[in-house]
Amino acid sequence: MPSSAQRKRAAAAAKAKSTPHIPAAKLRTSADVYNRLMWDSTGDVSKDGYVIGYEDRFKGVKEMPLTSWKREVEDESFIPFHRVVYFKRLVDGAHVWDRKTKVDMVFGSGVGASL
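Sequential numbering from 6 applies to the sequence shown in my numbering.
Structural data, given as structure tokens:
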């Protein structure tokens, strides 16, 4: 009779054979998306047409217009990019970049498609 450890190893090996590991697509950073939306040279992007959803430490997820985002650390209202949860297009309410669902319609990274 196999030991408990042997049974666990056998179960893990059987599971690994039945469900192969598919690595998740790497998502571009929120700083990359911000830069693309702010400095896009094609003219297809309206800076006023986007908001940034970010995690406030005390109030949960809040939104701020893309053009109001402060990048300088010395600025009183500075919010680091690691707090960004999503970028939303105001015209249709679509999340063009979302950290939780790995959607990226700006660069096409993650599970998203290009704009």
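C-beta atoms are modelled at their ideal positions from N, C-alpha and C, and glycine is treated no differently.
What separation, rounded to the nearest whole angstrom, lies between the Cα atoms of Lys75 and Ser82? 7 Å
Which class does Phe92 belong to by DSSP, given the choice of helix, strand or coil? strand
Exposed or buried, which one is Phe63 when buried takes at least 16 other CB atoms within 10 Å? exposed
Going by DSSP, what residue range makes up the alpha helix (DSSP H) through Asp80? Note, Asp80: premise wrong, no alpha helix (DSSP H); not H, not E.
Suppose the cutoff is 6 Å on Cβ atoms and the five residues either side in sequence are ignored; what does the same chain contact list for Pro70 look like? Val56
Do Trp102 and Phe92 have their CB atoms nearer than 8 Å? yes
Locate the alpha helix (DSSP H) running through Met43, then write down its first and last residues. Ser35 to Trp44
Report yes if the C-beta distance between Leu95 and Gly58 is below 8 Å; otherwise report no. no
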